[in-house]
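For reference, the structure discussed in these notes is given below.
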Amino acid sequence: MKDKVVVITGAASGIGRKTASLFAEKKATVVINDINEALLKEVEQDLLKTGATVTPIIGDVSKNSDVQSMMAETIERHGKLDILCNNAGVWWPDSDNDVVNLEEEIWDKIISINLKSVYLCSKYAIPKMIDNRGGSIINIASMAALRGWKNMDAYTASKGGIVSLTKSMAIEYGKYNIRVNAICPGSIRTPLTEKSQDEVGYPSTPLGRVGLPEDIGKTILFLASDDSAYLTGGILPIDGGRAARQ
Numbered sequence: 435m436k437d438k439v440v441v442i443t444g445a446a447s448g449i450g451r452k453t454a455s456l457f458a459e460k461k462a463t464v465v466i467n468d469i470n471e472a473l474l475k476e477v478e479q480d481l482l483k484t485g486a487t488v489t490p491i492i493g494d495v496s497k498n499s500d501v502q503s504m505m506a507e508t509i510e511r512h513g514k515l516d517i518l519c520n521n522a523g524v525w526w527p528d529s530d531n532d533v534v535n536l537e538e539e540i541w542d543k544i545i546s547i548n549l550k551s552v553y554l555c556s557k558y559a560i561p562k563m564i565d566n567r568g569g570s571i572i573n574i575a576s577m578a579a580l581r582g583w584k585n586m587d588a589y590t591a592s593k594g595g596i597v598s599l600t601k602s603m604a605i606e607y608g609k610y611n612i613r614v615n616a617i618c619p620g621s622i623r624t625p626l627t628e629k630s631q632d633e634v635g636y637p638s639t640p641l642g643r644v645g646l647p648e649d650i651g652k653t654i655l656f657l658a659s660d661d662s663a664y665l666t667g668g669i670l671p672i673d674g675g676r677a678a679r680q
């Protein structure tokens with residue numbers, strides 16, 4: 435990963451934060467993005483202590499102007515873009531619902547943050563990767579994308595959209611040596627999900643534990659590396675074996 439430039443969205447906590455740390459350990463240049471300025475500053479300071487080259491960019495990845503600015507700043511500071519990790523997302527079990535009872539505003543927000551952000555970041559990253567003669571995009575979906583999930587209709591739709599978009603982009607941009615893959619995490623202990631995991635995370639998982647952010651981060655690292663040079667359009671369930679029960 436030395437001399438590679440990676441952009442990680444949703445990098446202030448959980449999977450994004452751990453992924454940034456793993457890339458920094460491999461001597462990549464890390465561009466971290468989030469809307470939470472205080473937490474992103476913490477991540478920046480932690481990475482700087484390791485000697486990493488890090489650029490924090492505050493921005494809302496569901497907004498076109500913010501994404502354009504982020505990609506432009508990445509190129510201005512570092513000259514290229516090799517890897518994009520579309521990790522930003524929300525999970526609102528107290529607000530999401532079945533379609534009849536789901537508020538339109540909540541639907542729009544979840545789709546915008548979880549799915550539109552992948553479209554926007556990819557839209558402005560891919561031309562930079564074409565200029566660079568290749569790249570790797572890793573999208574974070576969910577096991578919810580692969581099955582129905584009661585009373586979480588906006589979330590499942592947003593993550594299902596990521597899976598389909600991943601496959602389409604893999605077909606469209608393979609000729610430019612741009613690989614596009616998605617990860618479908620199972621129960622992962624992060625600030626976003628830990629509220630409910632003690633109730634649901636273990637019984638249905640063959641490996642008998644809730645996943646950790648590094649379980650996903652190490653998979654992202656693999657998908658970004660030349661070790662996965664012949665892998666594109668892949669949808670990887672990283673779930674402790676839960677998908678095997680379906």
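Numbering-wise, this note's numbering comes out as the position in the sequence shown, counting from 1, plus 434.
Think of the CB as a built atom: it goes at the ideal place given N, C-alpha and C, for glycine as much as any other residue.
Residue burial is scored here from C-beta neighbours: E538 has fewer than 16 other C-beta atoms within 10 angstroms and is therefore classed as exposed. Exclusion of the five residues before and after V524 leaves I544, I547 and N548 as the residues of its chain whose Cβ lies within less than 7 Å of its Cβ. Close CB contacts of M435 within its chain, under the 8 Å cut and outside five residues either way in sequence, are with F457, K460, K461, A462, L655, A658 and S659 (chain order). Bounds of the alpha helix (DSSP H) holding N498 are N498 to H512.
If you draw a straight line from the Cα of C519 to the Cα of S602, it is about 17 Å long.
Annotated as distal: L641 and T653, with beta-carbon spacing of 9 Å or more.
Between the segment 462-472 and the segment 441-454 there are three or more inter-stretch CB-CB distances shorter than 8 Å, so the stretches are counted as touching.
At a Cβ-Cβ threshold of 9 Å, D587 and L554 do not count as neighbours. The continuous beta strand (DSSP E) containing S570 extends over residues G569 to I574.
The DSSP-derived three-state label of N548 is helix. Below 8 Å, too few C-beta pairs join the segment 473-486 and the segment 495-505 to call them touching: fewer than three.
Excluding its 5 nearest sequence neighbours in each direction, G674 has C-beta neighbours in its own chain below 7 Å: G620, T639, P640, L641, R643 and G645, listed in chain order. Pairing V440 with I517 gives a Cβ-Cβ distance under 9 Å. Ranked by how close their Cα comes to the Cα of N521, the residues S556, N566, R679 and G582 have S556 in first place.
In this chain, the alpha helix (DSSP H) harbouring L481 covers E471 to K483. Here the alpha carbon of I672 sits roughly 11 Å from the alpha carbon of E648. If you draw a straight line from the Cα of A579 to the Cα of G594, it comes to about 4 Å.
Bounds of the alpha helix (DSSP H) holding T590 are D587 to Y607.
Residues T489 of the same chain have their beta carbon placed closer than 6 Å to that of R511, with the five preceding and five following residues left out of the count. For P619, the three-state secondary structure derived from DSSP is strand. In the structure shown, the three-state DSSP call for P647 is helix. About 42 Å separates the CB atoms of G568 and N531; that is not less than 8 Å, and the two are not in contact. Straight across, the Cα-Cα distance linking I449 with T624 is about 7 Å.
Excluding five sequence positions before and after W583, the CB atoms of its chain that fall closer than 6 Å to its own CB belong to T590, given in chain order.
The Cβ atoms of I571 and N615 sit closer than 9 Å to each other.
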